[in-house]
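Novice: The sequence shown begins at -15 in this note's numbering and counts up one residue at a time.
The beta-carbon is built from N, C-alpha and C at its ideal position, and this holds for glycine as well.
Mind having a look at this structure? Questions to follow.
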Amino acid sequence: MSMSSHQSLSDLIRLEIQKASGWLGFDRFMGMALYAPGHGYYSGHRSPFGAQGDFVTAPAISPWYGDCLARQIIQVLDTIGSDQVLEFGAGDGRLAAQILNYAEQIKRPIGYQIIELSAGLKKQQQDRIGQASADAFAQVSWLERLPDPGFRGVMLAHEVLDAMPVRLFVHRCEPQAQVQWFERGLGLKASGQARDDSPPWQFVDRLCDPSWAIRLEALKHACQQQWQEDWPDGMIIEWHEQAQAWIRSLAGVLEQGLLLLIDYGFPAHEYYLPQREEGTLMTHRQHRAGTEVLAHPGEQDVSVHVDFTSMARVALEEGMNLSGYCAQARFLMNMGLLDIASSWAQSQGNLNSVQAMSQLAGVQKLLSEAEMGELFKFMALSRGLENLDLIGFRQGDRSGRLGLQAC
C-alpha cells in the first residue's frame, strides 16, 4: 500500500472518530483497517499471502491439504446429490484450485462459487485457477452476495472468521468495588500526545450499557463452571458479534448440506481463561506477529482467535446441527493425509531431494502440535445430514468439549 493510501485511511479513521463524538468502537476501527474500500488491508492492491506477503496459509504448505478437504466435500455432495460448493474469502485461490484439481482427477464435476470482497484477490483467484486448469476455471463463478435461500451443497470458510471485527469489553473489579463493564474503543490523542511514529488515536474505555453488562456477566458465570476462578481486573473480552450474525445469515440460506469452518481458536472456557486476560488480538506484517493493533492501519493484518462455542451455539439456535469439531491434525489424518504422503513417498526415487524433503516437511507442519496441528480447528455445522458419518470427524471429535450446556 502506498504512503498516500495509508494517510488517506488514517484521515478516514480520524474523521470517523470525530463523527462519532470522539469515541469509535474497536469493531468499527478493525473493519476500516481491514476492509475500507481501496485502502483496507484486504481491499487494497497488495497481496497478503505467500513469501512476499505477511503470512502463509495451509494450502500453500502442502497441495495435499486441498485433497483432504476435497474428499470431505465430495462425501457430502454425493450424499445429498449436489455439485455446489461456496467458498467465502478464497484468498489467493490456492485452496479452490486444489479442490477443483482433485475433483477433476476423479472425474467428479463441481460447481464452485466464490464470494470475495477484494477485487485484487479476486483477480489472483482467477489467475491461479485459470492457470491450474481451463476446465476447472469454467466451473467457477464469483458472486457479489449470498445466494437465495435453498442452497444445497457445501459452504467453506477457511480463515474467514478470524478476520471479522470484534467488540472489546473490559472487566473492572477493583477491591471492595462493584464489578463494572466498559467497552473499549478509540479516541483521538491530545495534540501534545501525538508523535510522528505513533497513531493519532489511543484506546479509550467507556461504561457499558446495562444490557451488555448482563450478557457479559452471564458469559463469565457460565465459563466459571469450568474453572472456578474470577476474571481479573482489566480482563479483555472479545465479543464476536459480526461473526455470529454471519453464521445466522448462512443458516438462513443453507437448506441441506455442510458449513465447514476452519480457523484458529478455542472453546469458550479456554478462550476466556483468566490467564488470557489480554485477549487474542494480534497483527501480522512481513511474517512477524505483533500486538500493536492500532498502528499501521491497512498495512498489517489484524486478527482474532475464534470462540467456537459461540459459533456452534448460534448455529444450533438457527436449527442447524453440530456434526463435528476437532483439531486440524485429527481432521487431516482422518481424511488420509498420512496415507497420501506415504504413497507419494513410495513413488519417489530419492526422498533426500529438495522437493521430497519440502513436501514431507509440509505435512509435518500441518500435523505438529507445535505448529498448526492443534491450534487450528475444524467445525462442521450441517442441515439435513443427520445420518451421515463425516469422515473427517470419525476419530478425535471434541464436540463435547465446547461446553454448549454451560458457556
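Would you call the CB atoms of A299 and L365 closer than 7 Å?
Specialist: Numbered from 1 along the sequence shown, position 315 holds the residue referred to as residue 299. Numbered from 1 along the sequence shown, position 381 holds the residue referred to as residue 365. Yes, they are a contact pair.
Novice: Using beta-carbon positions only, say whether C52 and M341 come within less than 7 Å of one another.
Specialist: Start at 1 with the first residue of the sequence shown, and residue 52 comes out as number 68. Start at 1 with the first residue of the sequence shown, and residue 341 comes out as number 357. No, Cβ-Cβ distance for C52 and M341 is not below 7 Å.
Novice: Taking DSSP as the reference, what is the three-state secondary structure of M(-15)?
Specialist: For this step, residue -15 is matched to residue 1 along the sequence shown. Its pLDDT being 40, under 50, M(-15) is placed unreliably in this model, and the coordinates cannot settle the point.
Novice: Which residues in the same chain have their Cβ closer than 8 Å to the Cβ of G405, if we skip the five residues on either side of it in sequence?
Specialist: In the structure as shown, the chain begins at -15 and stops at 391. Residue 405 is therefore absent and cannot be evaluated.
Novice: Using the C-alpha atoms, what's the distance from H205 back to E302?
Specialist: Sequence index remark: in the sequence shown, residue 302 carries index 318 (1-based). Sequence index remark: in the sequence shown, residue 205 carries index 221 (1-based). One C-alpha to the other measures close to 24 Å.
Novice: Count the other CB atoms, across all protein chains shown, that sit within 10 Å of the CB of K3; report buried if there are 16 or more and exposed otherwise.
Specialist: Counting from one through the sequence shown, the residue named residue 3 turns up at place 19. Its Cβ having fewer than 16 others within 10 Å, K3 is exposed.
Novice: Specify, as a first and last residue, the run of the beta strand (DSSP E) that T267 falls within.
Specialist: Residue mapping note: residue 267 aligns to position 283 of the sequence shown, counting from 1. Run containing T267: 266 to 269, per the beta strand (DSSP E) assignment.
Novice: Is the separation between the beta-carbon of G6 and that of P149 shorter than 7 Å?
Specialist: As a first step, residue 6 is located in the sequence shown; it is residue number 22 there, counting from the start. As a first step, residue 149 is located in the sequence shown; it is residue number 165 there, counting from the start. Not closer than 7 Å, so no.
Novice: With a threshold of 6 Å on Cβ separation, who are the neighbours of A229 within its own chain once the five nearest residues in sequence on each side are excluded?
Specialist: By one-based count along the sequence shown, residue 229 stands at place 245. Excluding residues within five positions, none has a Cβ falling inside 6 Å.
Novice: In whole angstroms, what is the alpha-carbon distance linking D189 and R156?
Specialist: Counted from its first residue, the sequence shown places residue 189 at position 205. Counted from its first residue, the sequence shown places residue 156 at position 172. Distance between the alpha carbons of D189 and R156: 11 Å.
Novice: F362 and I246: beta carbons closer than 7 Å?
Specialist: By 1-based counting over the sequence shown, the position of residue 362 is 378. By 1-based counting over the sequence shown, the position of residue 246 is 262. Against a cut-off of 7 Å, the Cβ pair of I246 and F362 comes out as a contact.
Novice: According to DSSP, is H142 part of a helix, a strand, or is it coil?
Specialist: Within the sequence shown, the letter at position 158 stands for residue 142. Three-state result, H142: strand.
Novice: To the nearest angstrom, how far is the alpha carbon of G380 from that of G308?
Specialist: Numbered from 1 along the sequence shown, position 396 holds the residue referred to as residue 380. Numbered from 1 along the sequence shown, position 324 holds the residue referred to as residue 308. Taking the straight line joining both Cα atoms gives about 9 Å.
Novice: Tell me which residues share the same chain as I1 and place their Cβ nearer than 8 Å to its Cβ, disregarding the 5 neighbours each side in the sequence.
Specialist: Residue mapping note: residue 1 aligns to position 17 of the sequence shown, counting from 1. So the qualifying residues of the chain are W7, L8, L170, G171, L172, W185.
Novice: For L350 and S46, which I take to be in contact (beta-carbon distance under 8 Å), what is that distance rounded to the nearest angstrom?
Specialist: By one-based count along the sequence shown, residue 350 stands at place 366. By one-based count along the sequence shown, residue 46 stands at place 62. That belief holds up - the Cβ atoms of L350 and S46 are roughly 6 Å apart, short of 8 Å.
Novice: Please list the segments of the beta strand (DSSP E) lying wholly inside the segment 135 to 217, counting only runs of 3 or more residues, in order along the chain.
Specialist: With a minimum length of 3 residues, the continuous beta strand (DSSP E) runs that stay inside the segment 135 to 217 are 135 to 142, 151 to 156, 164 to 172, 185 to 191.
Novice: What does the alpha-carbon distance come out to for the pair I375 and A87?
Specialist: For the purposes of this step, residue 375 is taken as the residue at position 391 of the sequence shown. For the purposes of this step, residue 87 is taken as the residue at position 103 of the sequence shown. Taking the straight line joining both Cα atoms gives about 17 Å.
Novice: With a Cβ-Cβ cutoff of 7 Å, do G387 and P251 count as a contact?
Specialist: By 1-based counting over the sequence shown, the position of residue 387 is 403. By 1-based counting over the sequence shown, the position of residue 251 is 267. In contact: G387 and P251 (Cβ atoms closer than 7 Å).
Novice: In this structure, how does DSSP classify S125 when only helix, strand and coil are distinguished?
Specialist: To locate residue 125, count along the sequence shown from 1; it is residue 141. In the structure shown, S125 sits in a strand (DSSP, three-state: E or B).
Novice: Classify G384: buried if its beta carbon has 16 or more other beta carbons within 10 angstroms, exposed otherwise.
Specialist: Start at 1 with the first residue of the sequence shown, and residue 384 comes out as number 400. Looking at its Cβ environment, which holds fewer than 16 other Cβ atoms inside 10 Å, G384 is exposed.
Novice: Take every Cβ of the segment 262 to 276, pair it with every Cβ of the segment 218 to 225, and state whether three or more of those distances are shorter than 8 Å.
Specialist: Touching, yes.
Novice: What whole-angstrom Cβ distance do Y25 and Q284 have, given they're in contact under 8 Å?
Specialist: Position 41 of the sequence shown, counted from the start, is the residue given in the question as residue 25. Position 300 of the sequence shown, counted from the start, is the residue given in the question as residue 284. Confirmed, Cβ separation roughly 7 Å.
Novice: Is E355 near the ligand GDP, judged by its Cβ being under 6 Å from some heavy atom?
Specialist: Because no ligand of any kind appears in the structure shown, any question about the ligand GDP cannot be addressed here.
Novice: Would a C-beta distance cut-off of 7 Å place P281 and A44 closer than the cut-off?
Specialist: In the sequence shown, the residue the question calls residue 281 occupies position 297. In the sequence shown, the residue the question calls residue 44 occupies position 60. No, the Cβ-Cβ distance between P281 and A44 is not below 7 Å.
Novice: Using three-state DSSP, classify E222 as helix, strand or coil.
Specialist: Along the sequence shown, one-based indexing puts residue 222 at 238. In the structure shown, E222 sits in a strand (DSSP, three-state: E or B).
Novice: Would you tell me roughly how many angstroms separate the C-alpha atoms of M139 and Q226, rounded to the nearest one?
Specialist: Counted from its first residue, the sequence shown places residue 139 at position 155. Counted from its first residue, the sequence shown places residue 226 at position 242. Cα-Cα distance, rounded: 18 Å.
Novice: Just how far apart, CA to CA, sit S(-8) and D62?
Specialist: Mapped onto the sequence shown, residue -8 falls at position 8. Mapped onto the sequence shown, residue 62 falls at position 78. Going by the C-alpha atoms only, they are around 49 Å apart.
Novice: Pull up the DSSP beta-bridge partners for R367, would you.
Specialist: Counting from 1 along the sequence shown, the entry for residue 367 is found at position 383. The partner list for R367 (beta bridge, DSSP) reads G241.
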